[in-house]
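First residue of the sequence shown? That's 202 in my numbering, and the numbers climb one at a time after it.
Backbone N, C-alpha and C define an ideal beta-carbon position, used for all residues, glycine too.
What follows is a set of notes on a single structure, which appears directly below.
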Amino acid sequence: MSKQDYYSKRTKEVSKSSLTKKLVISFFVFALMVASGIFAWKWLNNQPKEQGALKPLRKVLEANERILTTTFDSSKKSKVYSERDAVKKVRVNGWIGIKKEIDTVAWRLQVVRKPGDTLKLTLDDIKKLPKEDVIFDFKCIEGWSQVTHWAGVPLKTFMEYYHLNEQEQMKYVGLQTIDKKYYVGIDMPSALQSQTILCYELNNEPLPMNQGYPLRLIIPVKYGIKHIKQIGTIFFSNQKPPDYWAERGYDYYAGL
């Protein structure tokens, strides 16, 4: 056997041995990862629930909320679009709490300033305040988005006009539908962001019933689950108000 053939044979033997060793190591690493994944999955599913979510997942959501709250800049606007960018056929992002008929003569927006002190306002009371158009990319947690055109009174303007200065210092705003079947809690900095409006128009027309007539919330810095329709009650708190989807395991903050 020539010297060249000898080294060629040795190289093949070493290469084969090295490949076999790598395959064995890879198999054991893969098996370990699968076993670890199964163990972690079983461990996670045996954890208690907290506010609708498994406790470790809720802790992760709360950690994300603390980060987002710290970095949120209320002076920064969501991207603004032109009216021609807005769709004409607007999707409905939820039906919970929507009544098919509303007695607008009897309807009043109830603003609870504090226990025993409730301000009751008609739609005309709200419409007399300066109106703002908000055209933005509405994002739903279901994975779709649409550029939509809404109009109404900025919540900050509304609170200033009705002398809710003390309430502005609180940490949260709570909102409920007329029938109280749907409800959200929103951090005050997001609520006072300039594009957050008490909305009564869609595409320059009164809100249709399925979009929250007579009054809904539009808050571009949040996902659609926070854009509550058919608002009946607004209140203020330093503790997190009840939130429909957070109670079912979703993120309370729901920020973009």
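Going by C-alpha positions, ILE342 is about 9 Å away from ALA455. In this structure, the straight-line span from the alpha carbon of GLN370 to that of PHE228 is close to 59 Å. Contact check for ILE297 against ASN411 fails: the beta carbons are separated by 8 Å or more. Around the CB of ARG417, 16 or more other CB atoms lie within 10 Å, so the residue is classed as buried. Taking a contact as a CB-CB distance under 8 Å, the pair GLY450 and GLN431 does not count as one, their CB atoms being some 24 Å apart. Membership of SER391 in the alpha helix (DSSP H) is indicated by the continuous run 389–392. Proximity of the region 395–405 to the region 355–362 meets the contact definition, three or more beta-carbon pairs being nearer than 8 Å. In this structure, the beta-carbon distance from LEU324 to THR305 falls below 8 Å. Here ASN294 has CYS341 and GLY425 as same chain residues with Cβ atoms under 6 Å from its own Cβ, once five neighbours each way along the sequence are excluded. Note on the region 365–441: whole alpha helix (DSSP H) runs with a minimum of 4 residues are 366–369 and 389–392, in chain order.
When DSSP states are grouped into helix, strand and coil, PRO443 belongs to the coil group. With a beta-carbon spacing of about 5 Å, ILE336 and TYR282 fall inside the 8 Å limit used to define contacts. Rounded to the nearest whole angstrom, the C-alpha separation of HIS428 and PRO249 is 30 Å. Beyond the five residues adjoining it in sequence on each side, PRO443 comes within less than 6 Å, by CB distance, of TYR384 in the same chain, given in chain order.
Out of ASP286, ASP338 and ASP326, the CA that lies nearest to the CA of ILE420 is found in ASP338. The C-beta of ASP452 has 16 or more other C-beta atoms within 10 Å across all chains shown, which makes the residue buried. Pairwise C-beta distances place the region 251–271 out of contact with the region 305–320, as fewer than three of them are shorter than 8 Å.
Here DSSP, grouped into helix, strand and coil, assigns PRO316 to coil.
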